[in-house]
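Remarks on the structure that follows.
In the working numbering, the protein residues as written are -17 to 65.
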């Protein structure tokens, strides 16, 4: 599952796996799934993103910026990414 919760040292972390995704459609689908997790969250989210080798283009980046500003902003307690 590309988006799921994991537990590390007793802490619940939202793990989003974009690693080696080469198609725009798959990246956008992961973003939509990630958005659902954020919208359903009742508390701050600890987030771990794996974006190594991921496809990107201006449309993907615009969508990510839009979601960051309108849906994700203020809901993340801590964020980390593997690049």
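Just so you know, even glycine gets a beta-carbon here, dropped at the ideal spot from N, CA and C.
Since this is a predicted model, take the numbers as computed values, not measurements.
Buried versus exposed, by CB contacts within 10 Å (16 or more), residue i
i: residue 64; result: exposed
i: residue 3; result: buried
i: residue 21; result: exposed
i: residue 43; result: exposed
Delimiting residues of the beta strand (DSSP E) encompassing residue i
i: residue -1; result: -7 to -1
i: residue 62; result: 58 to 64
i: residue 32; result: 27 to 32
i: residue 5; result: Here residue 5 belongs to no beta strand (DSSP E), and DSSP marks it neither H nor E.
i: residue -11; result: -15 to -10
Residue i, enclosing alpha helix (DSSP H) - first and last residue
i: residue 40; result: 40 to 49
Proximity to residue i [Cα-Cα], best of the options
i: residue 5; options: 16, -8, 56 and 36; result: 36
i: residue 31; options: 7, -11, -4 and 50; result: -4
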